[in-house]
Each structure stands twice: as structure tokens, then as C-alpha cells.
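Asker: Can you keep this structure in mind? I'll have questions shortly.
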Amino acid sequence: MKIRFSIIFLTYIFISAVFFSCTGNEEKGSDIKTKLTDDTDSISYSIGADIGDNLINQGIDINYDAFSAGFRNGYEKEEHLLTIEKRRELFKSMQDRMRVKQQAEASKALEKAENFLKDNKNENKDIQVTKSGLQYRVIKKGSGKSPDSSSDQVRVHYEGKLLDGTIFDSSYRKGEPFVTRLNRVIKGWTEGIQLMNEGSEYEFFIHPRLAYGARRNNDIPPNSVLIFKVELQKVFDKNIK
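At position 204 of the sequence shown the residue is numbered 206 (our numbering), and the sequence of numbers has no breaks.
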């Protein structure tokens, strides 16, 4: 069956799946029997997989058979079991419930984040705190130069974890350091890396407001504290573009 993008676009609007995301889970599911023989097959599979990912990420429970029947009715221009007015009513009700649920979860997560950071500061004497609330620990102090502006370009190795220990990103796992300008990363990085010298290794405990706030970012839930270990390898000269 070939999938039209207009159908998928409408599906995304109705289920509030507002963006495609790369989650680092490529090529999983080796037991899948579907053969992807051309670009249309691959695109079709990718769209379906992304819808599934977004449904799970947003906590939407579905009846798979009913979902498939509704899709088939729409795509094949068959008679619908529900009117467009009824479907819109149901979508609005679902979105309202999701909004309330997500707001409650975000509020609970923020409280957890602030309690952790309060305890982290009070219970660990080596934790330092900046005016913005960024917490950090010096693991190793380097002797090289420091970035002196948010426009500086740097090369770092890093590992990012959530409070439960889940590693959500790591340059070590990717096998190469990360090069970026400091104005292109989260606020906690922009500020924190400017505290470092080349050769330093710091651990940062980043409040949600200095990270992704109340919005989900791939595998990072809303209002998450981010814990990063960062090695600053190099600060590039100003004329490097």
C-alpha cells in the first residue's frame, strides 16, 4: 500500500505529533518481515514508524485494529464509521486530556529537579553554583586557554545522563569528539564551558531552565535535570569558521 503524505500530515495535526525526531534507534527490529525494496517502501515504513514513536512518546493508547481500519477507510475512500464532526470532537477531547496530563507531569518533574539540585548542592561540598543556578564540579583542572565569548568554537568530549542514570547522548559512544560554537547549544553548556580551560574535565548539573525546559527533546522528558561530564579539548582561534 502506498502512503500519501497529505494523509500522514493530517494524522500528525490531529495527534499533536509536531515533529519528526531522530532517536538513535535505527535498524532495530530485525524480526520485521516487511521487505523495503525501493524508496517508496522505505519512506512509507519511516512514516509509519515515526507515527508509532510519537504515539508512544505522547502516551496515546490506541486500538491497533481500529487504527488500521480508520486509515484504510480514509486512504481507500471507503465509508467512515464516524463523521468528520465526531472525529474532530474526539480529537479535541483527547488533546485537552493530554494537555492536562502533560502539564501535571511537567510540574511534578520540575519539583523533582529542584529537590535534586537543592540536595546536590547541600550534600556535596565540591559543588559550585553560578548566579544562573548552574551547578558544576571540577574533576580535572586544565592549563590551556578558556573560551571568552559565546561565539567561540570548541571541541569537546562529553556524556549526558538523566537522573536515573540513562545515558541519552555521548560523543564517546559516537567515537569522535563534538565541535560546536557555544551559542548553538543549551544555555547550561554555553555558560559552563566558558568556565573551563583546555584540558579540563567538569561535571555539570543543569537545571531544566538552562536546558530544554518543559518541552520533550527526543529521549529527554520535560523538565529534566541534565548531568554532563565534559572534557574541553580545544578552543579554536577566532578566525576559524
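Just so it is clear, CB atoms sit at the ideal spot from N, CA and C, and this is done for glycine as well. Model, not experiment: these values are computed from the prediction.
Per DSSP, what are the beta-bridge partners of phenylalanine 207 in this structure?
Answerer: Gln137, Ile229
Asker: DSSP state of isoleucine 188, grouped into three classes?
Answerer: coil
Asker: Does the beta-carbon of alanine 115 have 16 or more other beta-carbons within 10 angstroms, so that it is buried, or is it exposed?
Answerer: buried
Asker: Taking 6 Å as the line, does the beta carbon of asparagine 122 fall inside it for any heavy atom of the ligand HEM?
Answerer: Although the ligand HEM was asked about, the structure shown includes no ligands whatsoever.
Asker: For the alpha helix (DSSP H) that contains isoleucine 49, what are its first and last residues?
Answerer: 41-59
Asker: Tell me whether isoleucine 86 is buried or exposed, calling it buried when 16 or more other Cβ atoms sit within 10 Å of its Cβ.
Answerer: Isoleucine 86 should be labelled exposed.
Asker: Excluding sequence positions up to five away, which residues of its chain have a Cβ less than 6 Å from the Cβ of histidine 82?
Answerer: For histidine 82, same chain residues with a beta-carbon under 6 Å away, outside a window of 5 residues either side, are Asn75 in chain order.
Asker: On a Cα-Cα basis, can you pick out the residue from Lys110, Leu184, Ala71 that is closest to proline 224?
Answerer: Of the listed residues, the one whose Cα sits closest to proline 224 is Lys110.
Asker: List the DSSP bridge partners of valine 181.
Answerer: Valine 181 pairs with Arg157.
Asker: What is the rounded straight-line gap between the Cα of glutamine 196 and the Cα of asparagine 65?
Answerer: Glutamine 196 and asparagine 65 have their C-alpha atoms some 50 Å from each other.
Asker: Going by the CB atoms, is the gap between serine 172 and phenylalanine 180 shorter than 7 Å?
Answerer: no
Asker: Assuming serine 152 is part of the alpha helix (DSSP H), what are its boundary residues?
Answerer: Serine 152 -> no alpha helix (DSSP H), and no H or E assigned at all.
Asker: Just how far apart, CA to CA, sit glutamate 193 and alanine 51?
Answerer: 37 Å
Asker: Measure the Cβ-Cβ separation of serine 202 and lysine 143 and say whether it is below 7 Å.
Answerer: yes
Asker: Evaluate valine 131 with the Cβ neighbour count: other Cβ atoms within 10 Å of its Cβ, from every protein chain shown; 16 or more gives buried, anything less gives exposed.
Answerer: Around the beta carbon of valine 131, fewer than 16 other beta carbons lie within 10 angstroms, which makes this residue exposed.
Asker: Compare the Cα-Cα distances from leucine 212 to each of Gly190, Thr182, Glu113 and report the closest residue.
Answerer: Gly190
Asker: Under DSSP, the alpha helix (DSSP H) around isoleucine 86 begins and ends at which residues?
Answerer: 86-125
Asker: Can you tell me whether phenylalanine 238 is helix, strand or coil according to DSSP?
Answerer: coil
Asker: How far does the alpha helix (DSSP H) with serine 70 in it reach, from first residue to last?
Answerer: 66-77
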